[in-house]
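Residues -15 to -1, 1 to 464 in mature numbering (1 follows the signal peptide of the UniProt record, and there is no 0) are what the sequence shown spells out, letter by letter. Think of the CB as a built atom: it goes at the ideal place given N, C-alpha and C, for glycine as much as any other residue. Quick caveat, the model's predicted, so the values are computed rather than measured. Notes for the one structure printed next.
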Amino acid sequence: MRILSFCSLLTAAAALLPEGMMAGDKVVSPGRQSLPNLFTVDSAASIEGWDVSGSLKLDAGRLAFEKGQGALWSKQPLANSVDEWTIETVFRNSESVETADHSFVDTNGLAFWLVQSQNTPNLKKDQTNFGGPAVFDGFQFLVNNKEKPGIKLYSGDGTKHIPNQLDNALGTCSFNYLDSMVPFTLRISYSTKKNWFKVQIDNNLCFKTDAISFKNLEQDFDFGVTGSVDGDSKEYWEILKLSVYNQLTEDAIDDHAILADGAVRVVTVTQQEEEPTYQPSFGRESLMERTRKWKEQMEKEQAQENQQQQKQQQQQQQQNQQPVRIEQPSVDLSEITQKLNNLESLIKQVGTSNNQPDPSILNQIVESQIQQIQVLEVLKDNYSKLEQLIQSQNNDIARSILNEFNNHRKELGDLGKHVQSLAASGNRQSESAFAYENDRVESFQRYSKWIMIFMIAALVIICVFVYRIRKDVKHSKLL
């Protein structure tokens, strides 16, 4: 009875889990240069690793650019600037009161920066260019509604100011961000290996080129976000999240669609892997069914492991029965044999000659013998070293195979004990259920009470959560 109740609870919990959590997809975590969770920060000045200045304020887990100019600059340059990286900024444009006034095109804007500080005078002091420097060496990604709402990419060389005009932009992308009340994600990515520099808005391709390369960059980029709001405007900007990755993320590689003149053009992508979908009438597998399949899979894997271990044991026995063969070194002795023959002929000529032996010939004979002795000694040493090396390698291989066999045997023993304990536990549960069959009604009522308490608590939590979401949505609409 207890097992069935526990299985029911597990089945209910599994039904509540979203499919994404059961898929087990690999998630790339943001790097150390990212903004922390703003709900855990007490104030804007206490954000570790970032310089906050101007009108930027922290309010309810968001950084808001109020009237005037504000800036958020990283204290450390962008690591891995010349190789590969991805930066994601989640922002939103809102108004304190409902109004259609968007005429402050020269003062209201949000800018993201990638600049080199050595060629940018007054980097963090000059806030005349939408909260950032008027003259800069690098890139400015400006979200502004002058001429058309969207984002404009400006490239500066550190020598002159670039006016906010479409003709001066390196690239543009239109999208309706004004009063949307929905956050947008600006993603900037670069890869030397893939040879691209890309800008995306909400996973939609906005700008991409292979003509920009940072291979010869003298210094890593300084990066940050700045904003500007006119004193008479009711508009304001919010930064909700900023994440920095030292590699290309999956969303940076995959373009879901293409932004063109404010519209989204869908890009057809061939799906590589299909995931099973479930109709509303389709029921999930029960816990008992999953347990049965898992047990069959474990038995199958155990049988395969036993076969592999038997094969390894047979191979090891064959290797132990066969003597270790040490191949002779492949050394060409023809030259040595020829020299020895020449030496023998010279000795015979000296012995048969009636004249006195020539000292030069004797010296040659001695030198030749010395050389032959040295060569033989070298060959002997090399042969000994080779024999020792092969012997040590054979010993290491045999030792590793023996250790692996012992480990597998120990694991099998532990698994057998675990299976036996599970079987014994199941028998005890069956005997206990049979012995206390008369108490089933009382036990069912007790567990039903706890299940009802659990479901009521879950409903209360869900209601509180829905209430908080509705309150936050209502609050954001009021803002």
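Closer than 8 Å to a non-hydrogen atom of the ligand GDP - does that hold for the CB of G94? With respect to small molecules bound, the structure shown includes none, and the ligand GDP cannot be examined in it.
Tell me which residues share the same chain as V120 and place their Cβ nearer than 6 Å to its Cβ, disregarding the 5 neighbours each side in the sequence. Here residue 120 corresponds to residue number 135 of the sequence shown, with the count starting at 1. Hits under 6 Å: H146.
CA nearest to the CA of I72, picked from S406, T105 and G209: Working through the sequence shown from its first residue, we reach residue 72 at position 87. Per the Cα distances, G209.
Same chain, Cβ closer than 7 Å to A29, neighbours up to 5 away in sequence not counted: Numbered from 1 along the sequence shown, position 44 holds the residue referred to as residue 29. Here the set comprises V37, L41, K42, L43 and L48.
Rounded to the nearest angstrom, what separates R455 and L444 at their Cα positions? What you label residue 455 is simply residue 470 of the sequence shown in a count that begins at 1. What you label residue 444 is simply residue 459 of the sequence shown in a count that begins at 1. Roughly 16 Å separates the two Cα atoms.
Using C-beta distances below 6 Å, list every residue in its chain close to K131, excluding the 5 sequence neighbours before and after it, in chain order. Here residue 131 is taken as the residue at index 146 of the sequence shown, counted from 1. Within the same chain, K131 has close Cβ partners V90 and N149.
Please state if the CB of C158 and the CB of I173 are separated by a distance shorter than 9 Å. Start at 1 with the first residue of the sequence shown, and residue 173 comes out as number 188. Start at 1 with the first residue of the sequence shown, and residue 158 comes out as number 173. Contact flag unset, no.
Closer than 8 Å is the cut-off here; do at least three beta carbon pairs connect the region 58 to 66 with the region 160 to 172? no
Could you pull the start and end residues of the beta strand (DSSP E) that E220 belongs to? Residue mapping note: residue 220 aligns to position 235 of the sequence shown, counting from 1. E220 -> beta strand (DSSP E) spans E220 to Y230.
Beta-carbon proximity list for E223, same chain, < 6 Å, skipping 5 on both sides: Here residue 223 refers to the residue found at position 238 when the sequence shown is read from its first residue. Counting only Cβ-Cβ distances below 6 Å, and skipping sequence neighbours, we find R47, A49 and R77.
Could you give the C-beta distance for I243 and N189, rounded to a whole number, given that I count them as a contact under 8 Å? Stepping through the sequence shown from its first residue, residue 243 is reached at position 258. Stepping through the sequence shown from its first residue, residue 189 is reached at position 204. Confirmed, about 6 Å.
Leaving out the 5 sequence neighbours to the left and right, which residues in its chain are closer than 8 Å to L151 when beta-carbon positions are compared? Counting from one through the sequence shown, the residue named residue 151 turns up at place 166. Excluding positions up to five away in sequence, the list reads E132, K133, K137 and T157.
Could you tell me whether the region 200 to 215 touches the region 94 to 108, where touching means 3 or more Cβ pairs closer than 8 Å? yes
By the DSSP assignment, the beta strand (DSSP E) with D142 in it spans what residues? As a position in the sequence shown, residue 142 is number 157, starting the count at 1. In this chain, the beta strand (DSSP E) harbouring D142 covers G135 to D142.
Could I get the ranges of all uninterrupted beta strand (DSSP E) runs contained in the region 20 to 88, with 3 residues as the minimum, in chain order? 35 to 43, 48 to 59 and 69 to 80
So, at 7 Å on beta carbons, what are the nonlocal neighbours of S140 in its own chain, with the 5 sequence-adjacent residues on each side left out? Within the sequence shown, residue 140 is the residue found at index 155, counting from 1. Excluding positions up to five away in sequence, the list reads F124 and L155.
Nearest-angstrom Cα separation, counted from I386 out to H241: Start at 1 with the first residue of the sequence shown, and residue 241 comes out as number 256. Start at 1 with the first residue of the sequence shown, and residue 386 comes out as number 401. Going by the C-alpha atoms only, they are around 50 Å apart.
Tell me V167's beta-bridge partners as DSSP assigns them. Taking the first residue of the sequence shown as 1, we reach residue 167 at position 182. For V167, which the question treats as bridged, DSSP gives no partner whatsoever.
Have a look at the DSSP bridge pairing and note the partners of L190. Sequence index remark: in the sequence shown, residue 190 carries index 205 (1-based). Note: L190 sits in a beta bridge opposite Q185 and I243.
Provide the residue(s) that pair with S174 in DSSP beta bridges, ordered along the chain. Reading the sequence shown from its first residue, position 189 is the one you call residue 174. In the DSSP output, where bridge partners are listed per residue, S174 has T71 and K183.
Would you list the residues sitting across from P213 in a DSSP beta bridge? For the purposes of this step, residue 213 is identified with residue 228 of the sequence shown, where counting begins at 1. First, the residue type needs correcting, since residue 213 is Ser and not Pro in the sequence shown. DSSP, once it has assigned bridges, lists Q54 and G94 as partnering S213.
Do three or more CB pairs link the region 288 to 302 to the region 385 to 399 at distances below 8 Å? yes
Give the straight-line distance between the Cα atoms of T253 and L225, rounded to the nearest whole angstrom. Here residue 253 refers to the residue found at position 268 when the sequence shown is read from its first residue. Here residue 225 refers to the residue found at position 240 when the sequence shown is read from its first residue. Residue confidence for T253 is low, a pLDDT of 45 falling below 50, so the modelled location carries little weight; the figure read from the coordinates is stated next. If I take the Cα positions, the gap works out to 31 Å.
Environment of I332 [buried if 16+ CB atoms lie within 10 Å]: Within the sequence shown, the letter at position 347 stands for residue 332. With fewer than 16 other Cβ atoms within 10 Å, it is exposed.
Quick check on L328: does DSSP put it in helix, strand or coil? The sequence position of residue 328 within the sequence shown is 343, counting from 1. In this structure, L328 counts as helix in the three-state DSSP scheme.
For T74, is the classification buried or exposed, using 16 other Cβ atoms within 10 angstroms of its Cβ as the cut-off for buried? The residue labelled residue 74 in the question sits at position 89 within the sequence shown. Buried, since its Cβ has 16 or more Cβ neighbours within 10 Å.
Based on Cα-Cα distance, which residue from K60, L127, Q354 and K324 lies nearest to N93? Indexing the sequence shown from 1 puts residue 93 at position 108. Taking only the C-alpha atoms, the option nearest N93 is L127.
Residue closest to G53, alpha-carbon to alpha-carbon, out of A442, Q356 and T113: Within the sequence shown, residue 53 is the residue found at index 68, counting from 1. Minimum Cα distance to G53 is reached at T113.
For the beta strand (DSSP E) containing D236, list its first residue and its last residue. The residue given as residue 236 occupies position 251 in the sequence shown. No beta strand (DSSP E) holds D236; the alpha helix (DSSP H) holding it covers E235 to I238.
Beta carbon of P118, beta carbon of N129: below 9 Å? Here residue 118 corresponds to residue number 133 of the sequence shown, with the count starting at 1. Here residue 129 corresponds to residue number 144 of the sequence shown, with the count starting at 1. Their beta carbons are not under 9 Å apart, which means P118 does not touch N129 by this criterion.
Work out the CA separation of D27 and L407 for me, nearest whole Å. Indexing the sequence shown from 1 puts residue 407 at position 422. Indexing the sequence shown from 1 puts residue 27 at position 42. Note on geometry: alpha-carbon atoms of L407 and D27 lie some 51 Å from one another.
When you compare each of D68, D215 and Q103 to W181 by their alpha carbons, which one comes out closest? Counting from 1 along the sequence shown, the entry for residue 181 is found at position 196. Answer by Cα proximity: D68.
Residue environment, I382, which counts as buried when at least 16 other CB atoms sit within 10 Å: Reading the sequence shown from its first residue, position 397 is the one you call residue 382. Exposed, since its Cβ has fewer than 16 Cβ neighbours within 10 Å.
Can you have a look at C191 and say buried or exposed, based on whether 16 or more other CB atoms are within 10 angstroms of its CB? Taking the sequence shown and counting its residues from 1, one reaches residue 191 at position 206. C191 should be labelled buried.
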